[in-house]
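**Q** Below is one structure. I have some questions about it.
Right, here's the structure in full:
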């Protein structure tokens, strides 16, 4: 019956729309709060849209509270992680896919097995390692646990398997060296999964919290999450600047998400399907 | 003949130069740390002096540690509740989404936004929503006549807000995973069922659910592991700021963190970490077993 189908469709959309509001409202509410003047925030009953946009919260957070520095730190650490993961995953994934050598399957299985172990299980040991290497408060020390990703190797290998061997052999017959083949043949063909991996790694690295919490002692090296957490704890009652801090902590990821959303979703979907 | 040998040598050399360094990284960043944690779990190590071998002492202490028991209970409740709620909602919503044709892309995007937001800002956002005096939630409750709650201020009820935020933040991810799985079901099954006169509910239970079983099972295990390792949310949602006291929501990883980095009882923290590892490994093995029975 057409009427029943239409009603079902309307109900479906209503339900989905309600859920959408619940998903997005918290962030939107925070955004509006960050744009309100401190006196407007304290109003009861609360206003929804800011009556007058007040940039004071952002000024407070970016200059006085060093959040610009924190953002820079997060960027650098995430960039180090992305570069390292892409490099290691591409190089190892390609080799595992296209080369036969002794112990190949064993090594690959071991690398894959490490993916199961949650970081919190061995973070105490890594802390001791960093301690003996004196890498506290350094970008390398902070990025240390996320320099590699077993899933990255698995992911690139999966994709590299579909690169035709004939292409590689043709290049070899033409006298190309293996590094050249990797760089000029394999990598260009793998741009798509590499990009998805980069987005995934960047998001993970940006939100990495427990390790920076443990390994950073000087305020200058805080990541955005760390800075926001401490700021939130100490200055909870300054709702305006805290809200601005939260927005600032989220914004880079949202921008990446908005620009590259298709890649993002494809990448995430692939990780779920490779069961 | 020499050409082939030389080619093979180049082959192995390349593999050594690529996989070699990467495997070394894995050795130092993953493998050795895990082994070291296991070894440390049998010692008493406080950073001041060398580790002292204590055998099973740490593990015996786990059995009588009240904090650990609370943390284990909290984490288990959280994990199983969140997994059930999140995956059920995700399944329902992804099916609804799949039935809308063009809007599904937009919906999956919107539902995914909380996944992109990092844990700490998400906690800050929800802390603000849940604020007893100024938070929007209590305001909305009071405007429909319900009393405002003192969220996050009950010693024993903090788990509920944590679970709400955890579900909010993870839902979009599983919606996407299930949605892609649904798209992979050949439409001819549904066509045949419609010809046979099956209505929507029967189609769901007799076609969709059975075909989605592998993905759902996989997601269940992955979600349990994910929620068992939760830390940042519990930490930022329940750390006491000035002027707004709240109570700790003890979870397993918090115990590891506290014992290791606040009390510097590295050996004991390692024992707790090994416990966590065993839980995760058992869950993964359970998953292998159920998937094997399925196929």
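Chains as they are written, first to last, in my numbering: chain U, 1 to 275; chain X, 1 to 295. Every residue, glycine too, gets a C-beta built ideally from N, C-alpha and C. Everything numeric in this text was worked out from a predicted model, so none of it was measured.
Within 8 angstroms (strictly less), CB to CB, does residue 141 of chain U reach chain X?
**A** no
**Q** Quick one: what does DSSP say residue 204 of chain U is sitting in, helix, strand or coil?
**A** Residue 204 of chain U falls in the helix class under three-state DSSP.
**Q** What's the C-alpha gap between residue 183 of chain U and residue 228 of chain X?
**A** CA-to-CA, the gap between residue 183 of chain U and residue 228 of chain X works out to about 41 angstroms.
**Q** Exposed or buried, what is residue 51 of chain U when buried is set at 16 or more other beta-carbons lying within 10 Å of its beta-carbon?
**A** exposed
**Q** Residue 144 of chain X lies in the alpha helix (DSSP H); which residues open and close that run?
**A** DSSP places residue 144 of chain X in no alpha helix (DSSP H); its state is neither H nor E.
**Q** Kindly say whether residue 120 of chain U, judged by its beta-carbon, lies nearer than 8 angstroms to any beta-carbon of chain X.
**A** Judged by the 8 angstroms Cβ criterion, residue 120 of chain U is in contact with chain X.
**Q** Whole angstroms is fine: what's the gap from residue 243 of chain X's alpha carbon to residue 182 of chain X's?
**A** Because the pLDDT at residue 243 of chain X is just 46, under 50, the model does not fix this residue reliably, and the value given afterwards should be weighed accordingly. Distance between the alpha carbons of residue 243 of chain X and residue 182 of chain X: 48 angstroms.
**Q** Just the chain U side, please: which residues come within less than 9 angstroms of residue 296 of chain X by C-beta, in chain order?
**A** In this structure chain X extends from 1 to 295, so residue 296 of chain X is not present and cannot be described.
**Q** Please decide whether residue 207 of chain X counts as near chain U, where near means a Cβ-Cβ distance under 8 angstroms.
**A** no
**Q** Considering Cα atoms alone, identify which of U:233, U:254 and U:177 is closest to residue 6 of chain X.
**A** U:177
**Q** For residue 114 of chain X versus residue 246 of chain U, is the C-beta spacing smaller than 8 angstroms?
**A** no
**Q** Count the other CB atoms, across all protein chains shown, that sit within 10 Å of the CB of residue 173 of chain U; report buried if there are 16 or more and exposed otherwise.
**A** exposed
**Q** Report yes or no: is there a C-beta of chain X within less than 8 angstroms of the C-beta of residue 97 of chain U?
**A** no
**Q** Is residue 65 of chain U buried or exposed, if buried means 16 or more other CB atoms sit within 10 Å of its CB?
**A** The residue in question, residue 65 of chain U, is buried, as its Cβ has 16 or more Cβ neighbours within 10 Å.
**Q** Could you tell me which uninterrupted alpha helix (DSSP H) segments, each at least 4 residues in length, are contained entirely in the region 85 to 129 of chain X, listed from first to last along the chain?
**A** 103 to 116 and 119 to 129
**Q** Are there 16 or more other CB atoms within 10 angstroms of the CB of residue 272 of chain X, so buried, or fewer, so exposed?
**A** buried
**Q** Can you pull out the residues from the region 158 to 191 of chain U whose beta carbon lies closer than 7 angstroms to at least one beta carbon of chain X?
**A** Flagged, chain order: 178.
**Q** Flag residue 245 of chain X as yes if its beta-carbon sits less than 8 angstroms from any beta-carbon of chain U, otherwise no.
**A** Summary for residue 245 of chain X: the model assigns pLDDT 49, below 50, so the residue's position carries little reliability, and this model does not support an answer.
**Q** How far does the alpha helix (DSSP H) with residue 65 of chain U in it reach, from first residue to last?
**A** Taken as a continuous stretch (DSSP letters only), residue 65 of chain U belongs to no alpha helix (DSSP H), as it is neither H nor E.
**Q** Answer with buried or exposed for residue 270 of chain X, where buried requires no fewer than 16 other C-beta atoms within 10 angstroms of its C-beta.
**A** buried
**Q** With distance defined between alpha-carbon atoms, name the residue in X:57, X:101 and X:108 nearest to residue 265 of chain U.
**A** X:108
**Q** Count the CB pairs spanning the region 254 to 270 of chain X and the region 54 to 67 of chain X that are closer than 8 angstroms, and state whether there are at least three.
**A** yes
**Q** In chain order, what residues of the same chain have a beta carbon less than 6 angstroms from the beta carbon of residue 274 of chain U, not counting five sequence neighbours either side?
**A** Residue placement at residue 274 of chain U is flagged as unreliable, the pLDDT there being 45, under the threshold of 50; the coordinate-derived value follows with that caveat. Once the five neighbours on either side are set aside, residue 274 of chain U has no close Cβ partner at all.
**Q** Tell me whether residue 218 of chain U is buried or exposed, calling it buried when 16 or more other Cβ atoms sit within 10 Å of its Cβ.
**A** exposed
**Q** What residues in the region 252 to 264 of chain U have a beta carbon less than 7 angstroms from any beta carbon of chain X?
**A** 253, 254, 257 and 261
**Q** What residues of chain U sit near residue 281 of chain X, judged by a beta carbon separation below 9 angstroms?
**A** 116 and 117
**Q** Please state whether DSSP places residue 290 of chain X in a helix, a strand or coil.
**A** helix
**Q** Does residue 139 of chain X come out as helix, strand or coil in the three-state DSSP assignment?
**A** Here residue 139 of chain X sits in helix by DSSP.
**Q** Just the C-alpha distance for residue 274 of chain X and residue 41 of chain X, rounded to the nearest angstrom, thanks.
**A** 7 angstroms
**Q** Quick one: list the residues of chain X neighbouring residue 243 of chain U, beta-carbon separation under 9 angstroms, in chain order.
**A** 124, 125 and 128
**Q** Find out if the Cβ-Cβ distance for the pair residue 284 of chain X, residue 217 of chain X is shorter than 8 angstroms.
**A** no
**Q** Determine contact between the region 75 to 83 of chain X and the region 226 to 237 of chain U, defined as no fewer than three beta-carbon pairs at a distance below 8 angstroms.
**A** Touching, no, given that fewer than three Cβ pairs across the two stretches are closer than 8 angstroms.
**Q** Taking DSSP as the reference, what is the three-state secondary structure of residue 59 of chain U?
**A** helix
**Q** Measure the C-alpha to C-alpha separation of residue 150 of chain X and residue 161 of chain X and round it to an integer number of angstroms.
**A** 11 angstroms
**Q** Could you give the C-beta distance for residue 26 of chain U and residue 125 of chain X, rounded to a whole number, given that I count them as a contact under 8 angstroms?
**A** 5 angstroms
**Q** With burial defined as no fewer than 16 other Cβ atoms inside 10 Å of the residue's Cβ, what is the status of residue 236 of chain X: buried or exposed?
**A** buried
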